[in-house]
Each structure stands twice: as C-alpha cells, then as structure tokens.
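Converting from the first sequence to my numbering requires adding 144 to each position, the first position being numbered 1. Even for Gly, the Cβ is constructed at its ideal location relative to N, Cα and C. Source: prediction; values computed, not measured.
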Amino acid sequence: MRITMPDSTVIGAAAPRVRFAPSPTGFLHVGSARTFIFNWLYARHNHGTMVLRLDDTDVERNTQASVQSIFDGLRWLGLDWDEEYKQSERLDLHRGQAEAIFAKGLAYRDFTPAHAGDDNQSSSAQGAWLSNPGMRELSREESDRRAAAGETFALRYRVPRGEGRVLRFVDSVYGSQTKLADEVEDFALLRSDGMPTYHLASCVDDADLGISHIIRGQDHLTNTFKHLLIFEALDAPPPQFAHLPLLVAPDGTKLSKRKHGPVVSVTTYRDAGFLPEAFINFLCLLGWSPKDDREFMTLGDLTAAFTLEGVNRANAVVNFSEESPFDAKAVHLNAEHIRALPVERLASCLQPFFEQAGFHATPEKVLAVTQLIRERIKVLREAVGAADFFFAEELAPYDPAELIPQKGDAALARRVLEAAQQVLAATPFDHDSLDKALRDAATQLGLKAGQAFQPIRVAVCGRKNAPPLFETLVVLGRDVCLKRIGQALTKLA
RNA sequence: GGCGCUAUCGUCUAGGGGUUAGGACGUGAGAUUCUCAAUCUCAAAACCCGGGUUCGAUUCCCGGUAGCGCUACCA
C-alpha cells in the first residue's frame, strides 16, 4: 500500500499501522484513553494509520452501554481514526486460523472441564501451571474420537517444551525481553464454547490488519511471549511492540473501574468541564515527557514531540482522592488551556454549562461574562458558580454584614451605597467613566478604594469575591445595578 | 509460589561517573491589586538499602527490599 501525503511525499511500507483495541466491558477509563492517545500521536507523528478495533469477544461481559461510553469518550477527545473494526464480526477468520494452527499440530484439544476461580493453590505452591495432565499427549485419533462424540474442549497452544527454546523480542520502551518457552503455559486459543480467546483473536486480527506497531499497557508485557508464539504459528512476522507504564491510583494499584469508580472515567472529566486538549496534555505527561521543561503543550506540540523513546518505564500515579477527584496538575493544566483559548471559543464551551444550569444565557452575554471569569475558573463547570449573579433575576440571599467594609459600620455602608446610586444614575455606563466617577466619590467620602468598593460589589454580586468591579457593573447594566443597590439598602435598614 | 517489570522532592518528571541534582503541580511566605483570581519573587522538599567496579557513584554491575504486572476456557 502506498499513501500520498498532503506534502506529496510518498510513504511506502514504512508507514506504521497502529491500533487501539478496547474491550467494551465498562466506560472508557483514563488508562485506556492514554493508550489511545499515544497510539494516535504515534500514528500522526509518523504519518501512519490509526485503526480502532472493538475487542468484543467476551460476550458475557460486553454491553452496548459500554460501547456507547467508549465512543462518547473518544468523540469528546476529538481524535480521529482511519479504520474501524469489530472483532465479533471476524469470528470466522479467528476460528479458521485456530483450525489451521491445530492442523499444523501446534495446538491440541483439552477436554478438561473449565475450572472456576483460584482453587489451584496446590499447583501454585509447586510453581506455575503449564498444562492439564494427559491432554497434551492425547493421540490425534483419540482426540478426534472424543470431539466427534460431542465432548467439549478448549483448544490450547502446544508450547514448545524441553528444547530450551528462548522467546525474544525487543520492546521499544522496555528494551530486550526474553523468556524460556518452558515457562510459558499452554494457553487457550479457543474456549469450549468455540469463541476465540483474547490472545488468539487479537493476534489474528493484528496480523490480518497488518498492524506494524502494538502500543499497549505494560500489563501485556509478559503476554507478549504468547503472542510471539501465535504470530509464529500464523506464519506472520510479529509487529514491533511498545509497552506503556501503567497508570496507578495513589494506593499503587492499577486504575480500575471496579475499584476506583467514576473518577477514572473519561466522561467524568468531560462533565466536570475539562477541555479535551488539556486532558490529553495531562495524560501525555504521565509516563512520557518531551525531555525539555515544557508542560503546557497543544495537540500540535504533542504530535511533533511524541516518540516512543520518550516513554518512561515506571508506573505513574494519578493523584486523586475523595476530596479532590482530579489530579491537581490536570486541573492546573486545564486552567492554562482555558486561559489560552480565544474568548469566543471559550464562551461557546461555556454556553452548554450555563444552559444546563437554567440560565437565560444569550451568546452575547456569555461572551461578556466569559471575559470576566476566564482567569477565575479552573474547570468549565466552575463557571456556573462564578457567574450565577450575572444571570440571576434575583440575587441569592446573602449576609448583609458582608456589605459592611473593614473598619466601617452599617452607616458607612449606607453612605457608600447611596453615593453609588447617584453616581451610577448619572454616569455613562462604560468602564472608564465608572472608574473615574466611583473613585471620585470614594475620595469625597474620605475612603480608600477597597473600602468604598466592597459594599457596592456585594450589593451587586451578592458576595465579596467577584470579578473587577467596573467591568462587572457594565455587563450587569445600569438598571440591574441600581435595583440591587436599592435592595441592599433595605437590607441595611 | 513461579516468571517478569520498576525504583530521583508528597505527585508528574529532567539529568547523568565529578552538578549548588533542574523544571512543573501542590504547600508556605512576600510583591502587585478595588475583593477574588491571574501574574511575579522567594522558601521548604528527592537520588530505596547493601555490596562491588572506579581516584570518584545517585548514575554502571550484583544482591536485597518494596511496589506493580502476568501466572483464566477475562481482556
């Protein structure tokens, strides 16, 4: 296959083909998302092809909801893929290849009933389990006879034994890896219900789809020896492997949906108001670095900088807790990306959050508000709480004591608010005019700006901490400001 | 139990035979400011342990320890 690139260079067989192969057994979690991102970056950096393959051979555990959740997550990330497959639609290929392997004598039928759970303490005391007694040695005739009689069986790989065979591959991240074939157990290719196992289906598809690089979690590092054996039985050259360090929870264990819940789901980040670019940026810094001091990186920066050589070998902790479900660094990077976004784009990101909160949010107003809060929010969702008073018809109840400035009393607050009423009624409603008029008024009252502005700010916003006063007044408009100051005066009465 | 992988501030990481071991987040202090943010400055904070190699190891080697992964007819 030859692909003509936009810059019209022709890439030959060297153009990599990578794949992301999630199994739909739950929501898309951050570890999977990172694997997807690294594959994507590798593909784009090298002008290769990104394949999405749903590894859905575990019928028991697959759900449609999970498929949906994975696509939701991937769509949100905004990273595309070039080809899409479902393993469940390729079962004939898997079974055919299993038969071919069996025909070559590289696999055998195991009629031992599947045993559930971990009742093999006795064998673990001795060492590793390698095969079920008697099954490997069954003659072809005997095996055929029992199969014909309707006995169910699993198909197992006949791992080379007693030859001292060394299995070897060079991992792009972990370097040279070797293992004695004698230590690899006779793993299953086909289950007794005829369904392919993950190992078989995955390798058959990787070979068939011409995958050149397998970039996946380190939990598969030792499985790779089995996969080498399968590729060999398939007469297919093994792809290049690159294993990624695992993402772990603060307790050190691998991130899991079961154990850690929705805090590891991609959609949780989306709903909290992370920007996809920020989320991707954060995930990339877990187990990879550009080897310079850059941390804030756009998708373009990441694509340009990403190499497998830059991947680390040690597991990375995603630092979340009960109190703060998001890693502080993720939050910080998100705030940076929020500030880097053009206001118009940020405003349209904020729009749905405001609408969801039930605000009457016209695009014009949202744009004006966005300018005032963009340095004050770290995740989009916070905008709702930070800007509610811009949209509310009536201010939420607040403590009138807030109206009283430091070293002042209620009488002082009243004087300030009354002066403000006059000024606001008579001054053109723009930033500079209000700035001058309000400062002059403060001077006349013999007050410092801070003292004078607090009552006004609280009257108008219903809280002490808010965006700068004059901009806020302008966005709110004269009528609303005067009305709220009037209400504040009644509170002080 | 067996096999494998890993080990630098609390966290993410840079670095590498001789360095004041660098950056970022977080934390603390200060500056600035109409509050809050943002911004800026400063501070505290790390080479798992033991051997070896070497003039010299945090860096290379071995051992230990710890953590993680795999050890399913899950993926």
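query = Residue range of the beta strand (DSSP E) that residue 245 falls in?
reply = Bounds of any beta strand (DSSP E) do not take in residue 245; it lies within the alpha helix (DSSP H) bounded by 235-247.
key: Contact set for residue 637: own chain, Cβ-Cβ below 7 Å, skip 5 residues either direction   = none
inquiry  = Along the chain, where does the alpha helix (DSSP H) containing residue 521 start, and where does it finish?
reply    = No alpha helix (DSSP H) contains residue 521, which DSSP labels as neither H nor E.
message = For residue 138 and residue 432, what's the separation of their Cα atoms in angstroms?
response = This structure leaves residue 138 out entirely; the chain is present only between 145 and 637.
task = Flag this pair as yes or no: are the beta carbons of residue 511 and residue 482 separated by less than 9 Å?
result = no
task = Spatial neighbours of residue 321 within its chain, please: CB distance less than 6 Å, with the 5 preceding and 5 following residues excluded, ordered by chain position.
result = 313, 315
query = Looking only at its own chain, which residues have a Cβ that is under 6 Å from the Cβ of residue 620, when we skip the five neighbours before and after it?
reply = none
query = Is it true that the CB of residue 352 sits closer than 9 Å to the CB of residue 234?
reply = yes
message = Looking only at its chain, what residues have a beta carbon closer than 6 Å to the beta carbon of residue 160, apart from the 5 residues adjacent to it on each side?
response = 190, 192, 356, 357
ask   = Name the DSSP bridge partner or partners of residue 228?
value = Bridge partners of residue 228: 196.
task = Give every residue of the same chain whose Cβ lies closer than 6 Å to the Cβ of residue 211, excluding the five residues on either side of it in the sequence, and list them in chain order.
result = 168
inquiry  = Among 369, 284, 271, whose alpha-carbon lies nearest the alpha-carbon of residue 309?
reply    = Here the closest residue by C-alpha is 369.
task = Ignore the nearest five residues each way along the sequence and tell me which others in residue 266's own chain have a CB closer than 6 Å to its CB.
result = Bear in mind that a pLDDT of 46 at residue 266, under 50, signals an unreliable position, so the model cannot answer this.
ask   = In terms of alpha-carbon separation, which member of 229, 590, 250 lies closest to residue 330?
value = 250
request  = Helix, strand or coil for residue 180, going by three-state DSSP, please let me know.
outcome  = helix
query = Would you call residue 522 buried or exposed, if buried means 16 or more other Cβ atoms sit within 10 Å of its Cβ?
reply = buried
task = Look at the alpha carbon of residue 158 and the alpha carbon of residue 441, and state the distance between them as a whole number of angstroms.
result = 28 Å
key: Cβ contact check for the stretch 410-429 and the stretch 167-185: 3 or more pairs under 8 Å   = yes
ask   = Going by DSSP, what residues sit across from residue 312 in a beta bridge?
value = 322
task = Taking all protein chains shown into account, decide if residue 324 is buried (16 or more other Cβ within 10 angstroms of its Cβ) or exposed.
result = exposed
inquiry  = Let me make sure I understand the geometry here. Which of 281, 273, 164 has the alpha-carbon closest to that of residue 227?
reply    = 164
ask   = Do residue 336 and residue 298 have their C-beta atoms within less than 9 Å of each other?
value = yes
request  = State the Cα-Cα distance for the pair residue 443 and residue 424, rounded to the nearest angstrom.
outcome  = 8 Å
ask   = Hey, how far is the Cα of residue 343 from the Cα of residue 499?
value = 47 Å
inquiry  = On the DSSP bridge list, what partners appear for residue 382?
reply    = None; residue 382 has no bridge partner.
ask   = Out of 488, 503, 501, which has the shortest C-alpha to C-alpha gap to residue 516?
value = Nearest option by C-alpha distance: 488.
task = Measure how close the beta-carbons of residue 454 and residue 435 come, nearest whole angstrom, since I'm counting them as under 8 Å.
result = Contact between residue 454 and residue 435 holds, since their C-beta atoms are separated by about 6 Å, short of 8 Å.
ask   = What are the uninterrupted segments assigned as alpha helix (DSSP H) that are 4 or more residues long and contained completely in the stretch 321-405, given in chain order?
value = 342-352, 368-377, 401-404
query = Can you check whether the CB of residue 596 is closer than 9 Å to the CB of residue 589?
reply = yes
task = Output yes or no for whether 9 Å exceeds the beta carbon distance between residue 393 and residue 503.
result = Here residue 393 is not near residue 503, since their CB atoms are 9 Å or more apart.
Distance, residue 562 Cα to residue 599 Cα = 11 Å
key: Residues near residue 416 in its chain [Cβ-Cβ closer than 6 Å; skip 5 each side]   = Once the five neighbours on either side are set aside, the close Cβ partners of residue 416 are 523, 525.
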